[in-house]
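Colleague:
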Amino acid sequence: MSAEAGPATAGARDGAVRRVRLPADRRTPAAARAVVRSVLTESHLDELANEALLLTTELTTNAVEHAGTELDIEVVADEIGLTVTVSDFAPGSGDELTVGDRNDSTEIDEVSVRGRGLLLVDHFASRWGTTYLPTGKGVWFRLDRPGVDPPAPGTVGESTPANAGPQTSTDQSAPSASAMSELMQTAPDLYGDDPLPDFATSLLSRVAEMVGAAGGTIRLDRGDGQGRQVLARFGRPPRPGSELLRVPLTVHRPYAGELELDAAPSAYARPLAVLTAERLSLHLENDRLRRADIRRQVWLTFLAEASELLAQSLDVDLTMALVPQLVVPRLGQWCAVHTTDEWGRLRLAAASHADESMLPQLHKVLAETGPDSIQARLREASRSAAQIPLGGPMEGFAVPLIARGQRLGTLAVGRHQRHRHDPDEVAVLEDVARRAALAIENARIHAERRRVAQTLQQSLLPPVLPVVDGIGFAAEYVPTGDDAEVGGDFYDVVPLPDGRWLVVIGDVSGKGVQAAAVTGLVRDVIRVLVGDGKPLPEALARLNETLVERGGGRYCTLALAAVGPGEGGRLDVALHLAGHDRPVLLAGAGGAEFVGTGGTALGLLDTITSPTAEITLAPGDSLIFYTDGVTERRRGRELFGADRLRDAAAPLAGYSADVVAARLRAAAINFSVEPPRDDIAILVLRNDAT
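Just so we're aligned: the sequence shown equals residues 1 to 690 in UniProt numbering.
(1) Are three or more beta carbon pairs between the segment 459-474 and the segment 678-690 nearer than 8 Å?
(2) Cα separation between ARG145 and THR61?
(3) Let me make sure I understand the geometry here. Which of GLY215, LEU623, ARG677 has the alpha-carbon closest to that of residue 691?
(4) Of the choices GLY138, THR83, ALA90, THR135, whose alpha-carbon is the least far from that of SER126?
(5) Taking the C-alpha atoms as reference points, what is the distance between VAL413 and HIS353?
(6) How far does the alpha helix (DSSP H) with HIS353 in it extend, from its first residue to its last?
(7) Can you check which of these residues, LEU143, GLY136, VAL525, is closest to ASP122 by C-alpha distance?
(8) Checking 8 Å against the spacing of the C-beta atoms, do LEU310 and ALA187 come in under that value?
(9) Contact between the segment 655-665 and the segment 541-558: three or more CB pairs below 8 Å?
(10) Should HIS576 go down as buried or exposed, given a rule of 16 or more other Cβ atoms within 10 Å for buried?
(11) Report buried or exposed for GLN333, applying the criterion of at least 16 other Cβ atoms within 10 angstroms of its Cβ.
(12) Tell me the DSSP bridge mates of PRO466?
(13) Could you tell me how far apart the beta carbons of GLY599 and ALA578 are, in whole angstroms, since I believe they sit closer than 8 Å?
(14) By a C-beta neighbour count over all protein chains shown, 10 Å radius and 16 as the cutoff for buried, is ASP78 buried or exposed?
(15) Are LEU586 and SER622 close, meaning C-beta to C-beta below 8 Å?
(16) Taking one C-beta from the segment 211-225 and one from the segment 252-268 each time, how about it: are there three or more such pairs within less than 8 Å?
(17) Below 7 Å CB to CB, which residues in the same chain sit around ALA613 once its five sequence neighbours on both sides are set aside?
(18) Exposed or buried, HIS338, counting other C-beta atoms within 10 Å across all chains shown (16 or more means buried)?
(19) Check whether the Cβ atoms of VAL478 and ALA453 sit closer than 8 Å, and answer yes or no.
(20) Quick check: the Cα distance between ASN50 and GLU395, rounded to an integer number of angstroms?
(21) With a threshold of 6 Å on Cβ separation, who are the neighbours of ASN687 within its own chain once the five nearest residues in sequence on each side are excluded?
(22) Restricting to Cα atoms, I'd like to know which of VAL563, THR546, ALA561 is closest to TYR555.
(23) If you drop the 5 nearest sequence neighbours on each side, which residues of the same chain put their C-beta closer than 6 Å to that of GLY564?
(24) Restricting to Cα atoms, I'd like to know which of GLY147, VAL548, GLU260 is closest to PRO238.
(25) So, do the segment 434-449 and the segment 353-366 have three or more beta carbon pairs nearer to each other than 8 Å?
(26) Are the segment 26-37 and the segment 52-59 in contact at 8 Å, needing three or more beta carbon pairs?
(27) What residue ranges within the segment 369-430 form continuous beta strand (DSSP E) runs of no fewer than 3 residues, ordered along the chain?
(28) Can you tell me which of the three DSSP states LEU540 falls into?
(29) ARG523 to GLY568, Cα distance in whole Å?
(30) Short check: CB of ARG219 to CB of GLN229, under 8 Å?
(31) Using the rule of at least 16 other Cβ atoms within 10 Å of the residue's Cβ for burial, across every protein chain shown, is ASP221 buried or exposed?
(32) Can you pull the DSSP bridge partners for VAL573?
(33) Decide yes or no for the touch test of the segment 335-351 against the segment 458-471: beta carbon pairs closer than 8 Å, at least 3 of them.
(34) Which whole-angstrom value describes the C-beta separation of GLY553 and GLY654, a residue pair presumed to lie in contact below a C-beta threshold of 8 Å?
(35) Is the beta carbon of GLN615 less than 8 Å from the beta carbon of ALA649?
(36) Given VAL17, which residues of its chain have a CB within under 6 Å of its CB, disregarding the five upstream and five downstream residues?
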């Protein structure tokens, strides 16, 4: 090291010398302290331990953090003191040199700018200096035993630069080494629920006592709308007109704050206040990051819950009413959802306010028109597809609702003027708007599909059943739980050319548009064939040929019953089953049984068999037709089954066709709490002759 600026090791032959090289690691300060402690013990300089270890920690910590290179630690002890040099290998200017005497107040301002660690060095060291070498930079300090005159320049232990003034005595008002150590080692409680107030109070009280302050305050604004709050207080409130020492806290937004001391000006008051503010700011920044991380986790949980709630609703009005309930009061004091109609005009769909008594006023403000109205800003947000701030009496902003490139409307949210939305809240609200728009669009698509499905389903079923003297017809139809899906079940009652009536019930495999197309085909072919007077066996054969030629893997089960008057008020029924379940004959006098003979389903084989079963219905007798949606209704692993249907029908003897159909529908639906997985169709034919 240069003899002009650094300590000399010549003349230290009778003392201890240690030189080590340490890595740039967080454990380096501890290793350096161990080296210094060993030299102190060997040289019987234990009275210098506190200051030496404190200054060694500061220099090595600064070098590790700022230089980021390996460090050379040199410790030289003699009979009157100790010299420690910390050198790094970071490139730097070679013409900068700083050397100071202990407690030289002229150096304090420069030291406070260059580093708080050097403030401690300047305070406790007998002498110290900084030297820039071609390989890096070195900082050294000298500690002499109390009451021992320092060596003259060039003598034992050190060489003092020519521009260094004489050593001054210790200022009695300066802080002690133990006080500085306590200030630097003060730390928050790691296990406390909210350790910052106690930590700030401890720091404030220590620094106030060190500088002789009559009082002090630390104020902090966390950016949560509550303004600056007192985090810590010490001593008495400041007297009116007194000049206070104010130091801002170096924290990131939205945090802001300051440390305030009612202290007399001194060489150490401001540097120590700045040092205290920086130590507190470090932990405040950790608190900000921790709170921000927790808040982001809360927002992610909120967005996940909001998405789940919005996804569960497929009703447009319910979805739009749900959005303001999600936003208020967590993200805003009020919220309004406007949708765009087919003419491009905005229509208020739903609104909510944290104070329900303010809803009428909110509706009034939202309904106002004019160039400066909320409506004008909402239209601008909808047209520009960008976020627009809302001024006037309803502070907030409007976010467009856009899904799949379609502009659906706007989401307007407002806060109280004292609590504006921060960037995280704005980002969350924009995300909510995207999810809400997608949920509204999905609900609209589902509503359109439901309307199409209902229209198509209604076209496959007769609007009303015919009214025939002596014959009662009744039907019940329950679509599957997904009301946006078209089922394959159908029924019909068709007049025959010979004066009889044809009762038809069938079930096409599968669901959806393809199944509906096959259902319509079967229904229309039957109507055409029987209208041309074709016998039922021939009509079934021709229908089977049509389905086989059409292909597509769809098949159909069918039950046909030609009903006409018989002798003595009876009804003669010619029953044909093409793979369909056998109907239940409910006798008017009581009792129920299955009738008919099974045949081949249509659309599977080139040829089919469908035996004719002749059945006679006495007055009061009923013939009950049904689809497999009734018998296959599930309650867990248990099926409703055909036998349960027959048993449910038996007590209904003597009732009208309408009552029988309705009671059997209720029995099937009430069998399980789950919505139907398959369509349920029940058709009842009854002899109403008296």
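The beta carbon of each residue, even a glycine, is placed where N, CA and C say it ideally should be.
Modeller: Quick look at the numbers:
(1) yes
(2) Locating residue 145 in the sequence shown gives position 145, counting from the first residue. Locating residue 61 in the sequence shown gives position 61, counting from the first residue. About 25 Å.
(3) Look at the range of the chain in this structure, 1 to 690, and you will see that residue 691 is not part of it.
(4) Mapped onto the sequence shown, residue 126 falls at position 126. The candidate whose alpha carbon is nearest that of SER126 is THR83.
(5) In the sequence shown, residue 413 corresponds to position 413, counting from 1. In the sequence shown, residue 353 corresponds to position 353, counting from 1. Taking the straight line joining both Cα atoms gives about 10 Å.
(6) Here residue 353 corresponds to residue number 353 of the sequence shown, with the count starting at 1. Taken as a continuous stretch (DSSP letters only), HIS353 belongs to no alpha helix (DSSP H), being part of the beta strand (DSSP E) at 346-353.
(7) Along the sequence shown, read from residue 1 onward, the residue named residue 122 stands at position 122. Here the closest residue by C-alpha is LEU143.
(8) Reading the sequence shown from its first residue, position 310 is the one you call residue 310. Reading the sequence shown from its first residue, position 187 is the one you call residue 187. Not a contact, by the Cβ cut-off of 8 Å.
(9) no
(10) On the sequence shown, residue 576 is found 576 positions in, with the first residue counted as 1. Looking at its Cβ environment, which holds 16 or more other Cβ atoms inside 10 Å, HIS576 is buried.
(11) Translated into positions along the sequence shown, residue 333 becomes position 333. Classification of GLN333: buried, given that the 10 Å Cβ count is 16 or more.
(12) The residue given as residue 466 occupies position 466 in the sequence shown. In the DSSP output, where bridge partners are listed per residue, PRO466 has none listed.
(13) Position 599 of the sequence shown, counted from the start, is the residue given in the question as residue 599. Position 578 of the sequence shown, counted from the start, is the residue given in the question as residue 578. Correct: roughly 5 Å between the Cβ atoms.
(14) Taking the first residue of the sequence shown as position 1, residue 78 is located at position 78. So ASP78 ends up on the buried side.
(15) For this step, residue 586 is matched to residue 586 along the sequence shown. For this step, residue 622 is matched to residue 622 along the sequence shown. Yes, the Cβ-Cβ distance between LEU586 and SER622 is below 8 Å.
(16) yes
(17) Start at 1 with the first residue of the sequence shown, and residue 613 comes out as number 613. Taken in chain order, the residues that qualify are LEU575, VAL595, GLY596, THR597.
(18) Within the sequence shown, residue 338 is the residue found at index 338, counting from 1. HIS338 is buried by the Cβ-count criterion.
(19) Position 478 of the sequence shown, counting from 1, holds the residue named residue 478. Position 453 of the sequence shown, counting from 1, holds the residue named residue 453. Not in contact: VAL478 and ALA453 (Cβ atoms no closer than 8 Å).
(20) Counting from 1 along the sequence shown, the entry for residue 50 is found at position 50. Counting from 1 along the sequence shown, the entry for residue 395 is found at position 395. Near 59 Å, if we compare the C-alpha coordinates of GLU395 and ASN50.
(21) Your numbering for residue 687 matches position 687 in the sequence shown. Cβ neighbours of ASN687 beyond the five flanking positions: LEU571, LEU617, PRO619, ASP621.
(22) Residue 555 sits at position 555 when you count from the first residue of the sequence shown. Comparing Cα positions, the closest option is THR546.
(23) For the purposes of this step, residue 564 is taken as residue 564 along the sequence shown, with counting starting at 1. Only ARG500, ASP572 meet the Cβ criterion.
(24) Here residue 238 corresponds to residue number 238 of the sequence shown, with the count starting at 1. Among GLY147, VAL548, GLU260, the Cα nearest to that of PRO238 belongs to GLU260.
(25) no
(26) yes
(27) 388-390, 396-403, 406-414
(28) Position 540 of the sequence shown, counted from the first residue, corresponds to residue 540. Residue state, collapsed to three classes: helix.
(29) Counting from 1 along the sequence shown, the entry for residue 523 is found at position 523. Counting from 1 along the sequence shown, the entry for residue 568 is found at position 568. Those two C-alpha atoms are separated by around 33 Å.
(30) Within the sequence shown, the letter at position 219 stands for residue 219. Within the sequence shown, the letter at position 229 stands for residue 229. A contact, by the Cβ cut-off of 8 Å.
(31) As a working note, residue 221 is residue 221 in the sequence shown. So ASP221 ends up on the buried side.
(32) To locate residue 573, count along the sequence shown from 1; it is residue 573. Its beta-bridge partners are VAL563, ILE615.
(33) no
(34) As a position in the sequence shown, residue 553 is number 553, starting the count at 1. As a position in the sequence shown, residue 654 is number 654, starting the count at 1. Rounded, the Cβ-Cβ distance is 44 Å, inconsistent with contact.
(35) Translated into the one-based positions of the sequence shown, residue 615 becomes position 615. Translated into the one-based positions of the sequence shown, residue 649 becomes position 649. Just to set this straight, residue 615 is Ile in the shown sequence, not Gln. Their beta carbons are not under 8 Å apart, which means ILE615 does not touch ALA649 by this criterion.
(36) Counting from 1 along the sequence shown, the entry for residue 17 is found at position 17. So the qualifying residues of the chain are VAL76.
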